[in-house]
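In terms of the working numbering, the sequence shown has 314 at position 116, counting the first letter as 1, and numbering is strictly consecutive.
Notes follow once the structure below has been shown.
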Amino acid sequence: MTIEDSDALIVVDVQVDFCPGGALAVTGGNEIVPVINRLAPRFQCHVYTRDWHPADHCCFSETPQWVDGSWPRHCVRDTPGAAFHPDLAVLPGALIVSKAEHRDRDAYSGFDGTELAATLREMNIRRAFVCGLATDYCVKATALDGVKHGFEAILIEDACRGVDLPAGSVARAVEEMRAAGVTKCSSGDLA
Ligand code: VGL
Ligand code: ZN
């Protein structure tokens, strides 16, 4: 698979809190960092999204169920947990997209409440290669929205990790994406 100038790499929420040791740690979340760093320089257009919550965000719970709407407090804007993973190479010129900034509603997709679709369109982007954390939440929502906005969305499967609670959630998310027209590849397929 050849990367074209009209392709964008969308790196979803590779943040301290989503990696081992963080508040909402995704198993193996750190393992995708070198994979993404190797891949990124091959793209012309880079987007790094970040979960950027206010301190009193509605999804925070004292007794988190680790499902939609009930999460441990995480990625509070301008705190260390919200920073990108320290080893993630955020390339110069990359677009940083902050999302889920409103207290009263969550936003899993990088397209939700942001200028991302308009910006990619302005740059004549046709395909969005999506990777990051978490496969079954923000990666899925971003890929599905990419399709809704008229982009071809491709999941880079080995450059993602998921929450997977209950077990099987990642597999269901991948199937949901496939059914919606998201294709998938492995980082090794990309030249
Ligand atoms: C995410 C749960 C809560 C994600 C964000 O980035 O997938 N998951 N907030
Ligand atoms: Zn969040």
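Quick reminder that beta carbons are idealized off the backbone N, C-alpha and C, glycines included.
* Name the one or two DSSP bridge partners that S268 has. => Residue mapping note: residue 268 aligns to position 70 of the sequence shown, counting from 1. Looking at the DSSP output, S268 sits in a beta bridge with V265.
* Run the CB neighbour count on T391, radius 10 Å, all protein chains shown included, and call it buried at 16 or more, exposed below. => Past the boundaries of the shown model lies residue 391; the chain is included only from 199 to 389, so the question cannot be answered.
* Asked: What number of angstroms, rounded off, separates the C-alpha of P278 from the C-alpha of G360?
  -> Translated into the one-based positions of the sequence shown, residue 278 becomes position 80. Translated into the one-based positions of the sequence shown, residue 360 becomes position 162. Spanning the two alpha carbons is a distance of roughly 21 Å.
* **Of the listed residues L388, D203, F309, V233, nearest to V212 (C-alpha basis)** => Along the sequence shown, one-based indexing puts residue 212 at 14. It is V233 whose Cα lies nearest to the Cα of V212.
* Taking only the alpha-carbon atoms, compute the straight-line gap between H251 and C336 and give it to the nearest angstrom. => If you number the sequence shown from 1, residue 251 lands on position 53. If you number the sequence shown from 1, residue 336 lands on position 138. Going from the Cα of H251 to the Cα of C336 covers about 14 Å.
* To do: To the nearest angstrom, report how far apart G330 and D302 are at their CA atoms.
  => By 1-based counting over the sequence shown, the position of residue 330 is 132. By 1-based counting over the sequence shown, the position of residue 302 is 104. Each residue's alpha carbon lies about 25 Å from the other.
* Asked: Hey, D215 and A280 are a contact pair by Cβ (cut 8 Å); roughly how many whole angstroms apart?
  -> Numbered from 1 along the sequence shown, position 17 holds the residue referred to as residue 215. Numbered from 1 along the sequence shown, position 82 holds the residue referred to as residue 280. The C-beta separation of D215 from A280 comes to about 7 Å, placing the pair in contact by the 8 Å criterion.
* **Close beta carbons around P218, own chain, < 7 Å, minus the five adjacent residues each side** => In the sequence shown, counting from the first residue as 1, residue 218 sits at position 20. Within the same chain, Cβ atoms closer than 7 Å to the Cβ of P218 are found at G227, N228, the five residues on either side in sequence being excluded.
* Taking only beta-carbon atoms, is G360 less than 8 Å away from chain B? -> In the displayed structure, chain B is absent; only one protein chain is listed.
* Asked: Where in the segment 294-365 do unbroken runs of the alpha helix (DSSP H), each at least 4 residues long, occur, reported from the N-terminal end onward?
  -> Given a length threshold of 4 residues, each whole run of the alpha helix (DSSP H) inside the segment 294-365 is given here in chain order: 314-320, 338-346.
* Near R311, which residues of its chain fall below 6 Å by C-beta distance, leaving aside the five closest residues on each side in sequence? -> As a position in the sequence shown, residue 311 is number 113, starting the count at 1. Position check: residue 311 holds Gly in this sequence, whereas Arg was assumed. Close CB contacts of G311 within its chain, under the 6 Å cut and outside five residues either way in sequence, are with A305 (chain order).
* Excluding five sequence neighbours on each side, which residues of the same chain lie with their C-beta closer than 8 Å to the C-beta of V345? -> For the purposes of this step, residue 345 is identified with residue 147 of the sequence shown, where counting begins at 1. Beyond the five residues adjoining it in sequence on each side, V345 comes within less than 8 Å, by CB distance, of A351, A378, G379, V380 in the same chain, given in chain order.
* Taking 7 Å as the line, does the beta carbon of W264 fall inside it for any heavy atom of ligand 2? -> Here residue 264 refers to the residue found at position 66 of the sequence shown. It does not: the Cβ of W264 is nowhere closer than 7 Å to a heavy atom of ligand 2.
* Taking 7 Å as the cut-off, does the CB of D205 come closer than this to any heavy atom belonging to ligand 1? -> In the sequence shown, the residue the question calls residue 205 occupies position 7. No - ligand 1 has no heavy atom lying nearer than 7 Å to the Cβ of D205.
* Asked: Sorry if obvious, but does the Cβ on A332 come closer than 7 Å to a heavy atom of ligand 1?
  -> By 1-based counting over the sequence shown, the position of residue 332 is 134. Yes, Cβ of A332 sits closer than 7 Å to a heavy atom of ligand 1.
* To do: Classify T407 as buried or exposed, calling it buried when 16 or more other Cβ atoms lie within 10 Å of its own Cβ.
  => Residue 407 cannot be examined here, being either before or after the span of the chain that is shown, 199 to 389.
* DSSP on I201, reduced to helix/strand/coil? -> Here residue 201 refers to the residue found at position 3 when the sequence shown is read from its first residue. The answer is coil: DSSP assigns I201 none of H, G, I, E or B.
* To do: Rounded to whole angstroms, what's the CA-CA distance from G386 to D356? Just pull it up for me.
  => Residue 386 sits at position 188 when you count from the first residue of the sequence shown. Residue 356 sits at position 158 when you count from the first residue of the sequence shown. The alpha-carbon atoms of G386 and D356 are separated by roughly 9 Å.
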